[in-house]
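Participant: Heads up, the sequence shown stops at 256 in the working numbering, and the numbers go up one at a time, no gaps.
Don't be surprised by glycine CBs; every beta carbon is placed ideally from N, CA and C.
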Amino acid sequence: MESPTEALFREDAYLKSCDAVVTAIDEKGIRLDRTVFYPTGGGQPGDVGRLRAADGTVVEIRDTVKGAMPGEIVHVPAEGAATLVPGTAVTAELDWERRHRLMRMHTCLHLLSSIVSGEVTGGQVSDGKGRLDFNLPDGSPDKEKITEELNRLITEDHPTGTRWITDDEMAARPELVRTMSVKPPMGQGRVRLLEIDGVDLQPCGGTHVARTGEIGAVECVKIENKGKMNRRFNLALKVE
Ligand SMILES: [Zn+2]
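1) Beta carbon of Val81, beta carbon of Val92: below 8 Å?
2) Using 10 angstroms around the beta-carbon of Gly72, count the other beta-carbons present and answer buried if the total reaches 16, otherwise exposed.
3) Within the structure, which residues are defined as neighbours of ligand 1 by a Cβ-heavy atom distance below 6 Å, reported in chain order?
4) Restricting to Cα atoms, I'd like to know which of Lys161, Val90, Ala188 is closest to Val234.
5) Consult DSSP for Phe53 and reduce its assignment to one of helix, strand or coil.
6) If you draw a straight line from the C-alpha of Ile231 to the C-alpha of Val52, how long is it?
7) Closest to Gly83 by C-alpha separation, out of Ala70, Arg66, Leu48, would be which residue?
8) Could you check the C-alpha separation between Gly59 and His126 for me, to the nearest Å?
9) When the Cα atoms are used, what is the spatial distance from Lys7 to Met121?
10) Quick check: the region 168-176 against the region 136-146, are there 3 or more CB pairs under 8 Å?
11) Under DSSP, the beta strand (DSSP E) around Glu240 begins and ends at which residues?
12) With a floor of 4 residues, list each alpha helix (DSSP H) that falls wholly inside the region 55-134, ordered by position along the chain.
13) Look up Thr223 in the DSSP assignment and say whether it is helix, strand or coil.
14) Decide if Tyr54 is buried, meaning its Cβ has at least 16 other Cβ atoms within 10 Å, or exposed.
15) Sorted by chain position, which residues of the same chain lie with C-beta nearer than 8 Å to Gly214's C-beta, five sequence neighbours on each side aside?
16) Taking the alpha carbon of Pro153 as the reference point, which residue from Ala94, Asn167, Gly146, Glu135 has its own alpha carbon closest?
As structure tokens, then:
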């Protein structure tokens, strides 16, 4: 199926910029034919950065969101940003330092979900921090122990990779789905899986680092009670 926006980050999360052409603009934002900007989704915030046109015009992008059409990505300009017109060739540049921190934490949440048993009921990545909620009928684990296990998996430096399976294969393997709150993105014929070698395999459309060692040291700073069985695990990166 042809997507309105070619999502280059799905094949290579390390692309910091790309050349693209403005295809449409409306009050929601700017559409490009291709982009390195990840749109808000799956608990990962949208990217920020800038679009540079050949004539020197720079449009700061303060957020990236999904559009109304499946696969459509909308770049939200900062207030008062310069305007572009459809057909303009631009270079789309990420705020890479921020995105890389999001990739590190996002990958770390996969590690967390491999350590903690129980259904994942929600989660959010933010800059330098992240959290996952689990349904845990049998009380709370110890945050020092979680910190230790996470850092062990990080130090072991497991490679990560993506695999695609068909919707039918996905439907036949419900054990792959750790969360009931975020359904795997089915309906486009295939589903993207993120694999952390020997640690975790689950459907995910987000951006991840190539090896767990790249996450760097982390800490489980707090485990909160959020209801009778719900436990919220809050993590933080220890290094910028
Ligand atoms: Zn992921």
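Facilitator: Let me lay it out:
1) For Val81 and Val92, yes; Cβs fall inside 8 Å.
2) Flag for Gly72 reads exposed.
3) Counting every residue whose Cβ lies closer than 6 Å to a heavy atom of ligand 1, we get His122, His126, Leu210, Cys220, Gly222, His224.
4) Nearest C-alpha to Val234 among Lys161, Val90, Ala188: Lys161.
5) It is coil, neither helix nor strand.
6) Spanning the two alpha carbons is a distance of roughly 21 Å.
7) The shortest C-alpha separation from Gly83 is found at Leu48.
8) Between Gly59 and His126, the C-alpha separation is close to 12 Å.
9) Because the chain in this structure spans residues 17 to 256, residue 7 falls outside the shown range and cannot be described.
10) Taking 8 Å as the limit for Cβ pairs, the verdict is that the region 136-146 does not touch the region 168-176.
11) 234-241 is the extent of the beta strand (DSSP E) around Glu240.
12) Entirely contained in the region 55-134, the alpha helix (DSSP H) runs reaching 4 residues are, in chain order, 112-131.
13) Thr223 falls in the coil class under three-state DSSP.
14) With at least 16 other beta carbons inside 10 angstroms of its own, Tyr54 counts as buried.
15) Excluding positions up to five away in sequence, the list reads His174.
16) Out of Ala94, Asn167, Gly146, Glu135, Glu135 has the C-alpha closest to the C-alpha of Pro153.
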